[in-house]
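Position one of the sequence shown corresponds to residue 1 (full-length UniProt numbering), numbered consecutively onward.
The beta carbon of each residue, even a glycine, is placed where N, CA and C say it ideally should be.
Shown next, in structure tokens, is the structure this report addresses.
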Amino acid sequence: MTPTLSRTRAGSGEPLLLLHGWGSSRRDFAAVLPALTERFDVVDVDLPGVGRSPALAQRPTVAAVTDAVERTLDDEGIGRVHVLGNSLGARVAIELARRGRARSVVAIAPSGLNVPPERVVQGTGMALARVVMRTGAQLVGPLSRSALGRAALLAPLKARPWSTSPEEAIGAREGFADARDWWRTLLWGLLLDVPRGLDRIDCPVTLVQGVADWISSGQTVRYLPLVPGSRFVPLLWAGHAPQSDRPRTIVRLVEETAAEAAQSAESSAFRNEQRNRAADIASVKRASQAGSSDAKAV
Numbered sequence: 001m002t003p004t005l006s007r008t009r010a011g012s013g014e015p016l017l018l019l020h021g022w023g024s025s026r027r028d029f030a031a032v033l034p035a036l037t038e039r040f041d042v043v044d045v046d047l048p049g050v051g052r053s054p055a056l057a058q059r060p061t062v063a064a065v066t067d068a069v070e071r072t073l074d075d076e077g078i079g080r081v082h083v084l085g086n087s088l089g090a091r092v093a094i095e096l097a098r099r100g101r102a103r104s105v106v107a108i109a110p111s112g113l114n115v116p117p118e119r120v121v122q123g124t125g126m127a128l129a130r131v132v133m134r135t136g137a138q139l140v141g142p143l144s145r146s147a148l149g150r151a152a153l154l155a156p157l158k159a160r161p162w163s164t165s166p167e168e169a170i171g172a173r174e175g176f177a178d179a180r181d182w183w184r185t186l187l188w189g190l191l192l193d194v195p196r197g198l199d200r201i202d203c204p205v206t207l208v209q210g211v212a213d214w215i216s217s218g219q220t221v222r223y224l225p226l227v228p229g230s231r232f233v234p235l236l237w238a239g240h241a242p243q244s245d246r247p248r249t250i251v252r253l254v255e256e257t258a259a260e261a262a263q264s265a266e267s268s269a270f271r272n273e274q275r276n277r278a279a280d281i282a283s284v285k286r287a288s289q290a291g292s293s294d295a296k297a298v
């Protein structure tokens, strides 16, 4: 049985799921979490193998990771959910949408559509980061206490790494140095993943990418023609994980996409009501016509 994941839950309103990227933890949403909990019932999870979340026994493919996320939602008593994801987390968010589990999705730099040379570069960069972070894991705590230290730790991921919090730096250590089953997840979840069935997505999807994101380069926009009705938003002065680069913008995009889902649901309900009303009127007319025919026959 797929295990549930470690998570925190706070706030009130419609449910919102936060999914971090590979090489981080749920702490990576520290800059946007306070604002989001004012508007949503927020579930912030650690992906398999990160923090207290158990690693998967099976291959950690996107499908297997999504299974674990779905089981966690089931355990929390949540059905369909708004989702904010980054990198691998954004790819899982899109898979949740494909399965019909998402109300709306904000996908920041989702993985999955990079071409083979880009995958080699990305894999090499992440492998190097894993080795460096594990080697210097004992230094992360002291470095996280200063803006200069955090800038050194998070420069590859953020356009404004000096503005990050100590919690985000600790999240990078949890995701790179401390994560279990790291190499298998890099291989099966990132480097070998090929998305399919994206045309079945029927919820609002906002695709987001920082202009200063060198990790996933231009792959986010490739989802645009594959996901029906999706939109693309580039972020200036933002990197691969821009939650602390542009926190107010990220929160606004989540709110706008959730509102779009609500409007779509209202429109769908109105159309269904109109169809039902038209069917009732047609039924009454047929009954009336039948009654008139019987009267004439008499």
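Contact defined as beta carbons within less than 8 Å: I believe residue i pairs with residue j. What is the distance between those atoms, to the nearest angstrom?
i: Pro166; j: Ala31; result: Not really, about 12 Å apart at Cβ, beyond 8 Å.
i: Gly89; j: Gly21; result: 5 Å
i: Ile170; j: Val132; result: That pair is no contact at about 16 Å.
i: Ala109; j: Ser24; result: Wrong, their Cβ atoms sit about 12 Å apart, outside the cutoff.
i: Ala102; j: Cys203; result: 5 Å
i: Ala179; j: Val81; result: No, Ala179 and Val81 are not in contact; Cβ-Cβ is about 24 Å, not under 8 Å.
i: residue 308; j: Val105; result: The shown model of the chain, from 1 to 298, leaves out residue 308, and the question about it has no answer.
i: Gly112; j: Asp193; result: 5 Å
i: Leu5; j: Pro48; result: 7 Å
i: Leu236; j: Ser230; result: The Cβ separation is near 20 Å, so there is no contact.
Express the C-alpha separation of residue j and residue i in angstroms, rounding to a whole number.
i: Arg160; j: Asp28; result: 14 Å
i: Val208; j: Pro234; result: 6 Å
i: Arg134; j: Thr124; result: 15 Å
i: Val92; j: Leu154; result: 23 Å
i: Ala127; j: Leu157; result: 14 Å
i: Val251; j: Leu73; result: 22 Å
i: Glu266; j: Ala137; result: 50 Å
i: Thr8; j: Gly175; result: 17 Å
i: Ala212; j: Thr249; result: 16 Å
i: Ser144; j: Glu38; result: 27 Å
i: Gln243; j: Trp188; result: 26 Å
i: Ala259; j: Val42; result: 16 Å
i: Arg71; j: Asp199; result: 24 Å
i: Glu256; j: Arg150; result: 31 Å
i: Pro60; j: Gly13; result: 32 Å
i: Glu168; j: Val69; result: 22 Å
i: Arg98; j: Ala152; result: 37 Å
i: Ile201; j: Gly100; result: 7 Å
i: Pro117; j: Leu191; result: 11 Å
i: Leu18; j: Gly85; result: 6 Å
i: Pro34; j: Phe40; result: 10 Å
i: Phe270; j: Pro228; result: Annotation note: pLDDT 42 at Phe270 (below 50); position unreliable, coordinate value reported separately. Answer to the nearest angstrom: the Cα atoms are 21 Å apart.
i: residue 386; j: Thr164; result: Not covered by the structure: residue 386. The range shown for the chain is 1 to 298.
i: Ser53; j: Leu36; result: 23 Å
i: Ile78; j: Leu16; result: 10 Å
i: Trp214; j: Leu226; result: 23 Å
i: Gly210; j: Arg184; result: 27 Å
i: Trp182; j: Leu253; result: 31 Å
i: Gln263; j: Glu76; result: 26 Å
i: Trp162; j: Asp245; result: 10 Å
i: Arg222; j: Ile94; result: 13 Å
i: Gly239; j: Pro3; result: 32 Å
Consult DSSP for residue i and reduce its assignment to one of helix, strand or coil.
i: Thr220; result: helix
i: Ala10; result: strand
i: Arg39; result: coil
i: Arg98; result: helix
i: Arg231; result: strand
i: Ser24; result: strand
i: Val115; result: coil
i: Pro15; result: strand
i: Val32; result: coil
i: Pro3; result: coil
i: Phe270; result: For Phe270, the pLDDT reaches just 42, beneath the cut-off of 50, and the residue's location in the model is therefore unreliable, although a value from the coordinates is still provided. Helix.
Which two residues bound the contiguous alpha helix (DSSP H) that contains residue i?
i: Ala147; result: 147-154
i: Ala102; result: Looking at the DSSP string, Ala102 is not in any alpha helix (DSSP H); the run it does join, the beta strand (DSSP E), is 102-108.
i: Leu139; result: 137-143
i: Leu73; result: 62-75
First and last residue of the beta strand (DSSP E) that includes residue i?
i: Gly51; result: Run containing Gly51: none; DSSP gives neither H nor E here.
i: Gly85; result: 81-86
For residue i, verify whether its CB is less than 7 Å away from any heavy atom of the ligand FAD.
i: Ala97; result: Although the ligand FAD was asked about, the structure shown includes no ligands whatsoever.
Are the C-beta atoms of residue i and some chain B residue less than 8 Å apart?
i: Leu236; result: Looking at the structure shown, chain B is missing, and only one protein chain is on hand.
List, from N- to C-terminal side, the alpha helix (DSSP H) runs of 4 residues or more that fit wholly inside the stretch 159-214. Taken in chain order, the whole alpha helix (DSSP H) runs of length 4 or more contained in the stretch 159-214 are 166-172, 182-185.
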